[in-house]
Amino acid sequence: MKQKCLVVLVFVVLLACAVGWDEGIPGGWNPIKNINDPHVTEIANFAVTEYDKQSGEKLKLVKVIKGDLQVVAGLNYRLSLTASDSNNY
């Protein structure tokens, strides 16, 4: 009976390690899996709008290319995106 419980316990520990293995380093940057998520687009639009306010430009978000997410006390996003100058015709 003890051996059976030990085998089950070892299996559960190995399964937990295998499931958590792909999570990355705690506090590290991990790729955003769904770059087309509406929340990611909202964050990218916010970033472009803030850039416009500070620079006096009139950029418009075209596309989010890739991004990373860092979980710390909150969430940090690192996005690569393309934007166009809405003043150019």
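Letter by letter, the sequence shown follows residues -20 to -1, 1 to 69 of mature numbering (1 follows the signal peptide of the UniProt record, and there is no 0). A virtual CB, placed ideally from N, CA and C, is assigned to each residue, including glycine.
- Query: Would the beta-carbon of L39 fall within 8 Å of that of A63?
  - Reply: Start at 1 with the first residue of the sequence shown, and residue 39 comes out as number 59. Start at 1 with the first residue of the sequence shown, and residue 63 comes out as number 83. A contact, by the Cβ cut-off of 8 Å.
- Bridge partners of Q50, per DSSP? Within the sequence shown, residue 50 is the residue found at index 70, counting from 1. DSSP output for Q50 lists W9, N56 as bridge partner(s).
- Message: Between the alpha carbons of E30 and K13, how many angstroms are there, rounded?
- Response: To locate residue 30, count along the sequence shown from 1; it is residue 50. To locate residue 13, count along the sequence shown from 1; it is residue 33. Going by the C-alpha atoms only, they are around 25 Å apart.
- Message: Suppose you measure from the CA of L55 to the CA of G47; what does that come to, to the nearest Å?
- Response: For the purposes of this step, residue 55 is taken as the residue at position 75 of the sequence shown. For the purposes of this step, residue 47 is taken as the residue at position 67 of the sequence shown. Each residue's alpha carbon lies about 13 Å from the other.
- Could you give the DSSP three-state label for S64: helix, strand or coil? Here residue 64 refers to the residue found at position 84 when the sequence shown is read from its first residue. Note: S64 maps to strand in three-state DSSP.
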